[in-house]
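>
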Amino acid sequence: MAQLRAFVAVAEHLHFREAAAAIGTSQPGLSGAVAALEETLGAQLVERTTRRVIVTPLGERVVGHARRVLGSLHALTEEVEAARRPFTGPLHLGVIPTVAPYLLPAVLRLVRDRFPELELHVHEERTPSLLDGLATGRLDVLLLALPAGGASPTRDIPLFDEDFVLVTPPDHALAGRADVPRDVLLDLDVLLLEEGHCLRDQALDICREVGADPSGGTTRAAGLSTLVQLVAGGLGVTLLPATALDVEAGRTDRLAAVRFAAPAPGRRIGLATRPGSARTPEYDRFAAALRTVLTELPVRIIE
Numbered sequence: 001m002a003q004l005r006a007f008v009a010v011a012e013h014l015h016f017r018e019a020a021a022a023i024g025t026s027q028p029g030l031s032g033a034v035a036a037l038e039e040t041l042g043a044q045l046v047e048r049t050t051r052r053v054i055v056t057p058l059g060e061r062v063v064g065h066a067r068r069v070l071g072s073l074h075a076l077t078e079e080v081e082a083a084r085r086p087f088t089g090p091l092h093l094g095v096i097p098t099v100a101p102y103l104l105p106a107v108l109r110l111v112r113d114r115f116p117e118l119e120l121h122v123h124e125e126r127t128p129s130l131l132d133g134l135a136t137g138r139l140d141v142l143l144l145a146l147p148a149g150g151a152s153p154t155r156d157i158p159l160f161d162e163d164f165v166l167v168t169p170p171d172h173a174l175a176g177r178a179d180v181p182r183d184v185l186l187d188l189d190v191l192l193l194e195e196g197h198c199l200r201d202q203a204l205d206i207c208r209e210v211g212a213d214p215s216g217g218t219t220r221a222a223g224l225s226t227l228v229q230l231v232a233g234g235l236g237v238t239l240l241p242a243t244a245l246d247v248e249a250g251r252t253d254r255l256a257a258v259r260f261a262a263p264a265p266g267r268r269i270g271l272a273t274r275p276g277s278a279r280t281p282e283y284d285r286f287a288a289a290l291r292t293v294l295t296e297l298p299v300r301i302i303e
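Residue 1 is where the sequence shown starts when you use the UniProt record's numbering, and the numbers rise one by one after that.
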């Protein structure tokens, strides 16, 4: 690269002394670098006279290539330097659908206020797709329910625990009650999300713990917004994470919340990254910053 820089400088200044001064080297060193490049290429690039330097026709073509190579090297150097500085450059964040609407406002505010040089790209996908994206390098870090699982190992960083809340129609016998035991699920038609949502699996696990069969007939919902509308329409009840309750149940007066007795069923939310990632210290700091802004939510922060 030093030879290319020397040749480009000579081609721009057409004078060895001026070219040497421009790139901060000695005139003999510059001359030697150009000669070495000519020897490597097996071609004459400049004609040296007592008065001036003339770039040969082949040299004119070579200098164009040299400028592009040096430009690419500069861009690469800048990108590497940016990567060395934390919270700069692109960050591809994957988020599960049952987290995205409720946590992203806090995440986006955090990035805007604390990490303005971070180029955040958000990808809302279900857990299997997120884990595949993390393993292949398409995604950098995930925000999802832990443990992340998947075929490839992940480094999990817990953020908080949250309770599940039972949501019923307002005229339901349990509406508004607190401290209800989990076994009330035995007598209820629990509606679920469709296959592929980790929240569906978590709800199934909770029901199976008490021996309930949450079939919900053939009714399935693609998202929590649809799920609560089915409940409001009297088709059954459902389980919502506490972070989703105000957003989803607050849209209508045809829903009521039921709180479980302690220890309430719940889930753990956190970040998942690739083990051994060069950005591991950055992800740890990002998680710590996230915990400070998530305290406004109905969750238990994990320090």
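Glycine included, each C-beta is placed from N, C-alpha and C at the ideal position. Since the structure is predicted, the reported quantities are computational estimates derived from the model, not experimental observations.
Within 8 Å, do at least three Cβ pairs link the region 259 to 273 to the region 142 to 159?
Yes: at least three Cβ pairs fall under 8 Å.
> Is there contact between the region 172 to 184 and the region 100 to 112, where contact requires at least three CB pairs shorter than 8 Å?
No, the region 172 to 184 does not touch the region 100 to 112.
> When the Cα of residue 308 is compared with those of Val184, Arg200 and His197, which residue comes out closest?
For the chain, the structure presents residues 1 to 303; residue 308 sits outside this window and is missing.
> Within a Cβ cutoff of 8 Å, which residues of the same chain sit near Ala36, ignoring the five residues on either side of it in sequence?
For Ala36, where only same-chain residues beyond five positions count, the Cβ hits under 8 Å are Gln3.
> Could you check if Gln202 is buried or exposed, using at least 16 other CB atoms within 10 Å of its CB as the buried criterion?
Buried is the call here.
> Kindly provide the ranges of any beta strand (DSSP E) runs that are 3 or more residues long and lie completely inside the UniProt domain "HTH lysR-type" (1 to 56), ordered along the chain.
For the UniProt domain "HTH lysR-type" (1 to 56), whole beta strand (DSSP E) runs of length 3 or above, ordered along the chain, are 46 to 48 and 53 to 55.
> Restricting to Cα atoms, I'd like to know which of Pro169, Leu30, Leu104 and Leu193 is closest to Leu255.
Out of Pro169, Leu30, Leu104 and Leu193, Pro169 has the C-alpha closest to the C-alpha of Leu255.
> Starting from Leu103, follow the alpha helix (DSSP H) in both directions and report where the run begins and ends.
Residues Ala100 to Arg114.
> Answer yes or no: do Leu146 and Arg291 have a C-beta to C-beta separation smaller than 8 Å?
Contact flag unset, no.
> Name the one or two DSSP bridge partners that Gly94 has.
According to DSSP, Gly94 bridges with His123 and Leu142.
> Does the count of Cβ pairs from the region 225 to 239 and the region 124 to 131 closer than 8 Å reach three?
No: the two stretches stay apart, fewer than three of their Cβ pairs being nearer than 8 Å.
> Rounding to the nearest angstrom, what Cα-Cα distance links Ala261 and Leu166 in this structure?
Going from the Cα of Ala261 to the Cα of Leu166 covers about 11 Å.
> From Tyr102 to Leu76, what does the alpha carbon distance come to, in whole angstroms?
Approximately 37 Å between the Cα atoms of the pair.
> Cα separation between Glu119 and Phe87?
About 8 Å.
> Expressed to the nearest angstrom, what Euclidean distance is found between the alpha-carbon atoms of Val258 and Ala100?
About 23 Å.
> If you draw a straight line from the C-alpha of Pro90 to the C-alpha of His123, how long is it?
So the two alpha carbons sit approximately 13 Å from each other.
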